[in-house]
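Just so you know, we're using our numbering here: the sequence shown kicks off at 825 and counts up by one.
Ideal Cβ positions, reconstructed from N, Cα and C, are used throughout, including at glycine.
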Amino acid sequence: MFGRMLGIKKKKKTIDQFEMTGNRKRSRLCSEAFSDYDDEITSTKMLDAFACPRVKAEKEKIQNYLSTTLKLLDEAKSNCSRLQDQLCDKEGYYTQREEDLQTLHRCEMEKAQTSLSDYQAFAQEKFAALESQLEAQAVEHKRTLDSYRLEVDNKLSQKQQQLDEAEQRELKLKERFNLLAISEQELREKLT
């Protein structure tokens, strides 16, 4: 019945002496389960039960069913062991892959940290250089501005001095003009 469900065709099997006595090789799992069956087969041999075609056909049917079941069980065991081996292989592969990825991630993180440290050091050096350059430019501009102010102050003082001298000359000229006007007035008065 189990063989029909799986679509396995029954094979007619010739019975040899080992199968009748129950001495054929079986897997460890099924040896205990079929010990009673072997005893029955032995006792039926003594009773010559195979003389009856119905019993013989039933026995062949049961033996085919059992052999099919044993084959399926062996196939299931081999498939199970194969799947376990594949699972172990895959677990080993994925464990190795995970370790490789963690190592790669660690290396990449170390590279990134090293690059970041180098960039920070470079940026600090550049910033310090720019700051010192800016300070030097500020000092130079202050010096230039101070010299320009001094020059302008000197020019202003010179211009102021020239202006003062011009005003004094103007005053002197006005005084002389007034004196000349007075002397001219006096001369006119004398002439008249």
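Item                                                                                                                                                                                            : Value
DSSP three-state label for THR1016, please.                                                                                                                                                     : coil
What separation, rounded to the nearest whole angstrom, lies between the Cα atoms of GLU899 and LYS883?                                                                                         : 24 Å
If you reduce the DSSP assignment to three classes, tell me which class CYS876 lands in.                                                                                                        : coil
Which value, in whole angstroms, describes the spacing of the CA atoms of LEU1015 and GLU989?                                                                                                   : 38 Å
Using the Cα positions of ALA936 and ASP909, report the straight-line distance between them to the nearest angstrom.                                                                            : 40 Å
Alpha carbon to alpha carbon, how far is SER971 from GLN985? Give it in angstroms, no decimals.                                                                                                 : 21 Å
Starting from the C-beta of SER1007, find all residues in its chain whose C-beta is less than 6 Å away, skip the five residues before and the five after it, and write them out in chain order. : none
Straight-line CA distance for LEU1004 to GLU975?                                                                                                                                                : 42 Å
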